[in-house]
Structure formats: structure tokens, C-alpha cells
Ligand code: OGA
Ligand code: MN
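Numbering (our numbering), first residue to last: 3 to 267.
What follows is the structure in C-alpha cells.
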């Protein structure tokens, strides 16, 4: 948690460096009590790299330079329960691993959160990798995981293309953090199978590794207050929203930005 900085104002070089260092050490950085417009949120994220334009913006609102809105509301503003959807944020995942160049960071800012619950959980996949036995590490070294958007519900790939983002890509199962050199598992929702393995065997390995990586000792639970901004490192974490709130009645509204990363290796 970092105190005493107002993220609505431009950051000094020293502040941005301090935040970046904390981000690389801790992987999740929390700021409380912020008041941010969507433009200010975008400008904050831009301190750390190129902010991606949401597909939603491209096709619908055509607003650039702003954070996009994620919520549990439908287009009429009524809460809906999407927690059963196999491709929803309620499943353990890392953001957009189905891109050849997946994002390095995501920032979420809480506008309105439920009176109780509506948490976000983070699992540290670097700690999870490190805790594997030498034998398992040897067995999985060099493997590649195939990801595509619809893999969560077993859709045949490639997905409804058109936007060109939904075809299958493969990434290393054990990826090396480009800034810290630490190895981490690259798994979660949208992972389909292991390249070159029989599908069922690959699925079983991915499922076992997910169970391993999401054990309580590797997990941090963020309990939101409105005004929180958190930023996390997609290169060494899994995350998921938790439906531990009154999903059909309470509002959960957050603003989100995603910062472009590099090709995983
Ligand atoms: C996301 C995400 C989880 C949440 O924005 O990428 O997965 O708790 N959010 O809303
Ligand atoms: Mn996500």
C-alpha cells in the first residue's frame, strides 16, 4: 500500500520510479482514497507504458484516452450475475494471454463497490513455480501453452474472428519475468492445452498446476473500498473477481486500464 500520493495529479519522476519499484517487488500495489476521472486514471497508467485501447472503445463509444468501465450491470443499469460464465472474470486468469503480446499491467479503480464482498483475489505464480519439486520443474521446462479466448468453455478454435484477436497463440508455460528474471507459471482461464501433447494430458497438467498455484498460501485477497486503485503485474499473477456479494442487487463498478507488455519468453 502506498500512502500520500494523489494519482489525479501528474506524477514526478521520483514518484513514478518509486511506484514502479514497489510494483516489481510486490506485484500488487494498492492506493486508497483516490478521486479519479477516467482521463486521470488513463494518464496515471500511461506512466508505466502504452495504455491499450479497449475493444469496447473501438467498436462502441469511440472514446480514447480514458479508462473503460467494468461493472456487474447490464445495459439498463441492472445488476446481473455473470459468475457462472466460464469466460467471466470470476475464473482464475491473467489478462489477455490470448494475445501474442499480452499486457504487463492492469489497473482497477473502485467507483462503487458492494457493502460487503466483491473482492478480487491474486495468486502469485512465481511463488507457485518456485514451490514445485525439482522433478516437476524438469518435466515442464520448455513446454508451451496454447491460449485462446474461448478455451474457458471448450469452444473450438479459432474463435469468431473479425477483430483478429481471438485466434490461438502459444506462450511458455514457465515464463521469465522480463524485468526481474523470476520464473512464473503462465496458466489460467483461456489456456487450452500443451502444444504437441494429447489434449487430455495437457488439460490435466494445466488443471493440476492451477490447483497448485491458487492454494491459500499464494493468494492475496483485496477487499475493496471505493476510491481504491490497485495495479498488478500480469506476468507473475493470476487473479479473479469473487462473487461473495449480493450480485443481483448491489452495484460493483470499476474503471480499468491495461498496459501493453512484451512477448513472453
Ligand atoms: C480485470 C478483472 C477482476 C475484478 O479487470 O481484468 O479481472 O475483481 N477484474 O473485477
Ligand atoms: Mn482480469
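All C-beta atoms in this analysis are idealised placements derived from N, C-alpha and C, irrespective of residue type, glycine included.
Is there at least one non-hydrogen atom of the ligand OGA closer than 7 Å to the beta-carbon of residue i?
{"i": "residue 108", "result": "yes"}
{"i": "residue 72", "result": "yes"}
{"i": "residue 84", "result": "no"}
{"i": "residue 241", "result": "yes"}
{"i": "residue 259", "result": "no"}
{"i": "residue 134", "result": "no"}
{"i": "residue 216", "result": "no"}
{"i": "residue 256", "result": "yes"}
{"i": "residue 127", "result": "no"}
{"i": "residue 223", "result": "no"}
{"i": "residue 184", "result": "no"}
Compare the Cα-Cα distances from residue i to each of the options and report the closest residue.
{"i": "residue 78", "options": "99, 87, 253 and 267", "result": "253"}
{"i": "residue 126", "options": "55, 117, 242 and 231", "result": "242"}
{"i": "residue 246", "options": "92, 203, 170 and 146", "result": "92"}
{"i": "residue 94", "options": "189, 149 and 102", "result": "189"}
{"i": "residue 89", "options": "194, 51 and 210", "result": "194"}
{"i": "residue 213", "options": "14, 74 and 131", "result": "131"}
{"i": "residue 117", "options": "7, 8 and 225", "result": "225"}
{"i": "residue 178", "options": "44, 238 and 74", "result": "238"}
{"i": "residue 39", "options": "119, 264, 67 and 83", "result": "67"}
{"i": "residue 182", "options": "22, 13, 10 and 11", "result": "22"}
{"i": "residue 34", "options": "236, 9, 119 and 180", "result": "9"}
{"i": "residue 141", "options": "37, 264 and 196", "result": "196"}
When DSSP labels each residue in this structure, what does residue i get in the three-state scheme?
{"i": "residue 59", "result": "Per-residue confidence for residue 59 stands at a pLDDT of 47, beneath the threshold of 50, marking its modelled position as unreliable; no derived number is given."}
{"i": "residue 151", "result": "helix"}
{"i": "residue 80", "result": "coil"}
{"i": "residue 214", "result": "helix"}
{"i": "residue 127", "result": "helix"}
{"i": "residue 137", "result": "helix"}
{"i": "residue 114", "result": "strand"}
{"i": "residue 145", "result": "coil"}
{"i": "residue 223", "result": "strand"}
{"i": "residue 245", "result": "coil"}
The ligand MN and residue i: does any heavy atom of the ligand fall closer than 7 Å to the residue's C-beta?
{"i": "residue 97", "result": "yes"}
{"i": "residue 91", "result": "yes"}
Please classify residue i as buried or exposed, where buried requires at least 16 neighbouring CB atoms within 10 angstroms.
{"i": "residue 42", "result": "buried"}
{"i": "residue 3", "result": "exposed"}
{"i": "residue 115", "result": "buried"}
{"i": "residue 100", "result": "buried"}
{"i": "residue 86", "result": "exposed"}
{"i": "residue 139", "result": "exposed"}
{"i": "residue 60", "result": "Interpretation of residue 60 is limited by its pLDDT of 49, a score under 50 that renders its predicted location unreliable; the figure taken from the coordinates is listed afterwards. It counts as exposed."}
{"i": "residue 19", "result": "exposed"}
{"i": "residue 267", "result": "exposed"}
{"i": "residue 171", "result": "buried"}
{"i": "residue 53", "result": "buried"}
{"i": "residue 16", "result": "exposed"}
{"i": "residue 29", "result": "buried"}
{"i": "residue 185", "result": "buried"}
{"i": "residue 152", "result": "buried"}
{"i": "residue 144", "result": "exposed"}
{"i": "residue 76", "result": "exposed"}
{"i": "residue 210", "result": "exposed"}
{"i": "residue 230", "result": "buried"}
Any chance the CB of residue i is under 7 Å from a heavy atom of the ligand PLP?
{"i": "residue 250", "result": "For the ligand PLP, the structure offers nothing, since it holds only the ligand OGA and the ligand MN."}
Three CB pairs or more closer than 8 Å across the segment 140-153 and the segment 248-263: no
Given 8 Å, three or more beta-carbon pairs between the segment 196-209 and the segment 104-111: no
Would you check if there are 3 or more beta carbon pairs closer than 8 Å linking the segment 212-220 to the segment 121-135? yes
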